[in-house]
Each structure stands twice: as C-alpha cells, then as structure tokens.
C-alpha cells in the first residue's frame, strides 16, 4: 500500500466531465489499496472570470482581497471533485489550504509556504478510508488571512503536502506526459525521459522546460519528495520520475556523460551597457542596484576590456524590461557608460546533464555543433550540470534540433544511460 | 457616531454595477461618521450555478461538500464588494464566516449559530477605519468544517453580528422598502409600517410576510437588536424599524387596539383525518408521531365530537405533504379513523397586532368581516397578538383586502396608533 499525493491542474478539472475523469482515476488508485491525497487547481478559466469581475469594480484591487477572491476557485474544485468521488461510492472529503494548515508568509498573491501544521487532520481522513482533496495554490498566514502562492503554487502545494504526510511519491498530472529531451513542438525527435535527478530537473525548469514549476522542484529536492510527472489524458503513459539519484546504470556500466535534455527559453531579453569604464566594483554596483529593484537577472557576461572600457550584458525576463529600462539607463549614465542596448529577440538554449562537469569536451562539442549549424552564440553560461547559450530567437528551433541530434538524443533506445521511449 | 450592520441580499449584489451601488451606499454611511459592517449574500444566481455544477457530478452530494461549495459564493461577494469600496478611496477588508468566528452546530446546510468568537478582529478592523464586509449565510463548526446556515441565513448572520459587536442597529436591505400592512401585490391600499415590535414582526413573518426571515427576527428579539428593514433600490425610503417597544403613542393617547397588519400564506396544505374515535390521548399519538418525522405542524383543530367520532385537521408546509402522506394514512388506520383528506388549495390569513388580546371584539370583527364578504372560514387559531383563519385559496386576496379596510389600515394618516405612510 502506498500513500500517493496526486496533483491535477486547471485544465484537468475544467469541466464536470473532466472532473469525473479525475475522480475515476483517484478511485482506481484508492481501490488498488493506496491512500490517496489529491491537490487541485481552480477549474479552467474560473480564475480569469474572477479577475474580470475584480477589475470591473476596481482597476487596482488590494492584494489581500484578490487572494480572498481567487482562493474561491480551488475551493469550488475540491468540493466538486470530492462530490464526484462520492458518486463513485468512495468516501471523500475536501479541505481548503487553511483547513490543512498550509501556513504561508504575508506576501499576498505570491506567498511562500512556511509550514504545514494540519497534517493530523488529513491523516485521520485517510485512515478513515477517505480520498482527501486539498485546494492547491492557497494557504493562510499567521494572522489567519487567506493567501495565494502565485505562479506554480498548486505544484508546490502538492509537493509540500507529500513531504508533510510522508507520501511515497507526488504525481503531477498535466497535459503533457512527462519531461522530454526537448520541447516536442520544436523538436519532433524529442523523447520522454524516464528518470531525472532533482538537479537536472531544476536546470531544465530554470531554463525553460514548463512541465514542472521550478519552486516545486526546489521544494521536492529539499525534502526528498519523489515527483512523478504524468499525463492526465494518457493514463497508460509512464511519465517521468524525478528523484535524488535516479538509477540509470542498471543496464549500462559506461561512465559516459549523461545528457538529459535540451531546454529553451524565449521569454528573456538581453540588456547590454556599452563601453562602461572597466574599474573594480562596477558589476557589483550595477547588480546591487538591480537586486534592490527586485529584478531577476539570469546570465551575466562582462566582455574582455578594451582601452579600459567593457560591455556588460545580462538577461532578464521580458516582462520586467519595460519597468527597469529607466533605472538601467540611469545606472549606465552614473557609471560613465555610453548607452544601453536592449534585445528582446533572443533565445536561451541549454544543455542539461548530470556528470557533465567531468567532461570538458561537452561544452566544446556544443559550441562546435552550433557553429557547424551556422548559429552565432552571443552569451554563454555554465553550471556543473548545465551549459546555456544565448542565440538569435529565429535560430532557436534549429539550435535545439542540432544539439538533440549531436548529443545522441534522437535514438529510441537507451542512450547515454538515459532511457528514452517514444 | 453609530455602529451599523447593513445586510444586502443576493439581488442587491447580482452584478458588478449593483455591487458598486452598494459600495457607494456604504461609503456614504462611513463618511457620515459611522462605523460600518456589511453582510452580503452570494451574487444573484451564483448559488444556482454552483448547485447545477454539483448535481452534474453527483445527484446526491454530501451536505458537507455542498457547504464547502456554496460558501464560496459569499466569499466572492465580500471580496468584490471590499474591492469596490476600496475603489472609492475608503479602506475595506472582507472576512469569511470562519474568519470572524461564526461558530455553528454540526448541521450542514442548515446550521444554527452557537457563538460568535471573532469579534475583536472585526472591531480592530473598524477602529482602523475600515468598512468591514462579512460573508453571510456561513460559519464554521467546532471541528473547523465550513457550514451554511440555510434559508434566511444571511439575515441571521447580520443580526447575530449586530448583537455581538453591540451595533446601534441592523439594517436589512431587500427589494421591498419595509414591512407593509399587507402584501401590496394583492392589497393595493397597503402601506408601509413605520415601527413594529419583535412580537408583531414574529407573527407577521411566521404567517407569511416574506420581508424578514423568522429566525433572524427571533435572534433580534432575543438579543434586543433593532432591525431596520430598508430598500436597496429606494435610498430615500424610510423602511420599517423593528424593536422591543415601539413608541407609537406619541401623538395619540387612545388605548385603542393596535392592528399592525394582515399577513397571508399560500404555502400550506390542510390535512384532515376523518371520523377518528374521540378518546383521550388521540391527538398526542398523532402529533408525537408527526413530530418524530420532523414534520412542521402549524394550526391544529379538533372538531366537536359526534357519536364518539371527531375530525382532526392540521396545516403543514405544502412541500412536506408528499413525503408525509403515507405516514399520516398509516396513523389514521392505526387509530381507527375513516380516512385522510388533503386540501392544498388553502390560504392562511392572519390579523396581527399588539394588545389585541385585551379586545375580544377584534376576533368577532374579523369573523364578521369575512362573513360579510361571503368568505367561509375552515380553521381558526389565536395567539395573544394574532388571529389566523384558513380560507379557500381563491378568497385570499379578497379576505386580505376586506380585513385591511375593516381594520382601518387603508388610511394614509395615523391609524390605530400605527403610523403609516405611502
């Protein structure tokens, strides 16, 4: 008997029919002898509907009231899903985030989970034979106010609950059937990855793979929660398992480098400060100021200095560009730079794989592959298990495909110790 | 400076536009120096929409999950109304029933308020200058489960909160502008009543006047909360004040009988057990059995006995008739009665007024008035401040009009010490 936490997103519960499908899924797991906790998001476009309503009375509503409003979305989902389970003859109870004691900080609309204090209640429900349905995305702060967790919140709720109740694993259902070696929409030869480490998944998520939210993977890594990314609509697909040390050596004792996949990200922009005086502390000045503004900076590159001048470039989410442009120009002026260039037409293409660090040839092979494909690299960044390059947005698909082939990911068979299946 | 609790029903907050209207109403009260607490119901047809959703996944959902689902309706209303108040520049916070500690019993879908334990929070919000918006109709039980109060719940929430915070009065807004001497839809000469005692209002509510829910009036009477029934859509109308001892003698020291109004009720049926042996304890047997089934019995009549046989009749809500018919027939057979007659085409017409008891002539005048109008009375029931008669449903409007005229309620001026205005 396993204890499973299963999370279904908004599209999986968008209609009464789909809710019934999820209910049968849960009942099947329950009847097979498992204890089942389910975390759900708000139904399909319910959140948009509530946002429209809010903005029709107030163009700029308070964050507290926004959370009060939006949290009703998941409360509807959990109640209806519990009813649908009951209709199949299995007892079920639903809970809000507050009811299972998901305690967050005070940041309305983007709260962080601080503790889960209501697990006994959930365990009691399970021990009495219930399927327990919990509202994702929401919590309650110390003052008893309702908060929401913001982007990726429901995945995080599921992983956090799985950690708190000591679940055997946490299934995250979505409309894709796992993590792929590349985005199948731009790389038709991409394959589903069977197993991944937290570190690899973190790099993939951080570099654009949208299957799992970065913060949920971080949480899972911190508490050792095994994640199983699965498809809502393809019940027979095996999905992808994310865990501490995936056992990928069972059939192949080679020490070959493990490339798990190619991620890409079209959501960032590149900002360059031109001809900045190359004196010590200049980068510190710039990025301290940007940090104070809460700007997320990803890749940072400082060019080799010429005549005491250098170019400093960084990437940042496209959404932030508008609101930081003024400050960046001001900083550039203050430090005596020539001016600011903004390029929103870029793609970040990243190669992710454990053990890459021990193989310096990997980076060289990556750059050579892109050069052979006549793709110009404008920025490079490396970590122990990831190499990211910034290229022109038009070259994105081409770069992903070329790297996918060059690193042997096109095969249907076991390749580089990563089992891949169609 | 007054502390006011104002309650708005579902039709008053059915659209974003109407919510904005309610918000301006509240802001005007607030800016006039009052502390304002507002209780709201779910938006218009939101509850129906949620019921449809529930029934589309489960024809018979559990009451607990139903409350979990339906309570989201008021949570949406309070958040959006708070936002609408904020848009007018006045600080506002919303609260669920749970957040202000409206503790109920365990009866899902028809819970009763047992205590209000979160009033400090509400007072703190008020002291900080907020308009406080509270979800009506809902509470939380001792186990932390969400409950709803059922029919008339939001009125009851408002009155209970008014009692708990020591409000100066509780305004109940609806689409009628107060309590009338009779239902204006069937009695065009009916007038708004300016002041009423709790007892009179209880009789009017219990006998069919739909303006205020009986249980809310009972609560108000118990804790001495002054209710002001007002119109949402006619801001200048003065409405009706319901209080312990209305001051109606100011201009007229007559000891004349005070008739406050004529109520009518078409929602009951009359059930008669024919030719029942007239032995002691027979009524006890019948009504104990019905009480055990949870049947609400209103008027009971036992006819004068002939040859040791009698007829026993009672009225009960039409909605219950179907489910009790079998039992009633069974009881009738057991006690040796001849058979059961059911008449669903009846009207209860009631004359309500304080001090009536001291004027035996009132009943006589009532019966004579109906006789003169050729209306046959089939049942009679009296209390210290109310005389009810059961007549044929077709005669209902005629009976109300005749009594309204006979008891001098048609006048536009002060009449029988009740101030009435058009």
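Protein chains in written order, with my numbering: chain H, 2 to 423; chain R, 2 to 423.
The beta carbon of each residue, even a glycine, is placed where N, CA and C say it ideally should be.
With the cut-off set at 8 Å, would you say residue 187 of chain R and residue 230 of chain R are in Cβ contact?
By the CB criterion at 8 Å, residue 187 of chain R and residue 230 of chain R fall outside the cutoff.
Leaving out the 5 sequence neighbours to the left and right, which residues in its chain are closer than 6 Å to residue 160 of chain H when beta-carbon positions are compared?
171, 217, 220, 221, 226
Tell me whether the stretch 76–85 of chain H and the stretch 113–122 of chain H touch, counting them as touching only if at least three CB pairs, one residue from each stretch, are closer than 8 Å.
no
In chain R, which residues lie with their C-beta within 7 Å of the C-beta of residue 145 of chain H?
100
For chain R, is any of its Cβ atoms less than 8 Å away from the one on residue 365 of chain H?
Interface criterion not met: the Cβ of residue 365 of chain H is under 8 Å from no Cβ in chain R.
Relative to the C-alpha of residue 169 of chain H, which candidate in H:405, H:378, H:289, H:7 has its C-alpha closest?
Minimum Cα distance to residue 169 of chain H is reached at H:7.
If we cut at 8 Å on Cβ distances, does residue 65 of chain R have a partner in chain H?
yes
Let me confirm a value: residue 285 of chain H is counted as buried when at least 16 other C-beta atoms fall within 10 Å, else exposed. Which label applies?
exposed
Using a Cβ-Cβ cut-off of 7 Å (strictly less than) and excluding sequence neighbours within five positions of residue 346 of chain H, which residues of its own chain qualify?
393, 394
So what's residue 315 of chain H in DSSP terms, helix, strand or just coil?
Secondary structure of residue 315 of chain H (DSSP, three-state): strand.
Quick one, which residues of the stretch 17–32 of chain H are near chain R if we go by CB-CB under 7 Å, in chain order?
For the stretch 17–32 of chain H, residues whose beta-carbon sits nearer than 7 Å to a beta-carbon of chain R comprise 17, 20, 21.
Please confirm whether residue 123 of chain R and residue 38 of chain R have their CB atoms less than 8 Å apart.
yes
For residue 414 of chain H, does the count of other Cβ atoms within 10 angstroms reach 16, so buried, or fall short, so exposed?
Confidence at residue 414 of chain H is low in this model, with a pLDDT of 45, below 50, so its placement is unreliable and no value can be given for it.
I need the straight-line Cα distance from residue 408 of chain R to residue 57 of chain H, nearest angstrom please.
51 Å
Here's the rule I'm using: 16 or more other beta-carbon atoms within 10 Å means buried, otherwise exposed. How should residue 235 of chain R be labelled?
exposed
Just checking, does the stretch 87–100 of chain R make contact with the stretch 124–134 of chain R on the three C-beta pairs under 8 Å criterion?
Using a C-beta cut-off of 8 Å, the stretch 87–100 of chain R makes contact with the stretch 124–134 of chain R, since at least three inter-stretch Cβ pairs fall below that distance.
Is the CB-CB distance between residue 387 of chain R and residue 353 of chain R below 8 Å?
yes
So does the stretch 63–78 of chain R actually touch the stretch 100–107 of chain R, counting three or more Cβ pairs closer than 8 Å?
No, the stretch 63–78 of chain R does not touch the stretch 100–107 of chain R.
Below 8 Å on C-beta distance, what does residue 87 of chain R contact in chain H?
59, 62, 63, 66
Please decide whether residue 14 of chain H counts as near chain R, where near means a Cβ-Cβ distance under 8 Å.
no
Straight-line CA distance for residue 51 of chain R to residue 164 of chain R?
31 Å
When you compare the CB of residue 139 of chain R with every CB in chain B, is at least one pair closer than 8 Å?
In summary, chain B is missing from the structure at hand, where the protein chains are H and R.
To which residues does DSSP link residue 142 of chain H through a beta bridge?
H:105
Just verifying my parser: in three-state terms, what is the DSSP assignment at residue 182 of chain R?
coil
Evaluate residue 316 of chain R with the Cβ neighbour count: other Cβ atoms within 10 Å of its Cβ, from every protein chain shown; 16 or more gives buried, anything less gives exposed.
buried
Going by DSSP in three states, residue 235 of chain H sits in which element: helix, strand or coil?
coil
Report the residue from H:76, H:89, H:138 whose alpha carbon sits nearest the alpha carbon of residue 30 of chain H.
Residue H:89 is the option with its Cα nearest to residue 30 of chain H.
Among all the DSSP beta bridges, which residues are the ones paired with residue 244 of chain R?
R:198
Using the beta-carbon of each residue, which ones in chain H are nearer than 7 Å to residue 95 of chain R?
66, 69
State the DSSP-derived secondary structure class of residue 45 of chain H, mapped to helix, strand or coil.
coil
Within 10 Å of its beta-carbon, does residue 143 of chain H have 16 or more other beta-carbons around it, so buried, or fewer, so exposed?
exposed
Does DSSP classify residue 328 of chain R as helix, strand or coil?
helix
Bridge partners for residue 278 of chain H per DSSP, in chain order?
H:310
Taking C-beta pairs closer than 7 Å, name the residues in chain R that residue 73 of chain H reaches, listed in chain order.
73, 76, 77
Going along the chain, which residues of its own chain have a beta-carbon closer than 7 Å to the beta-carbon of residue 310 of chain H, five neighbours each way excluded?
276, 277, 278, 279
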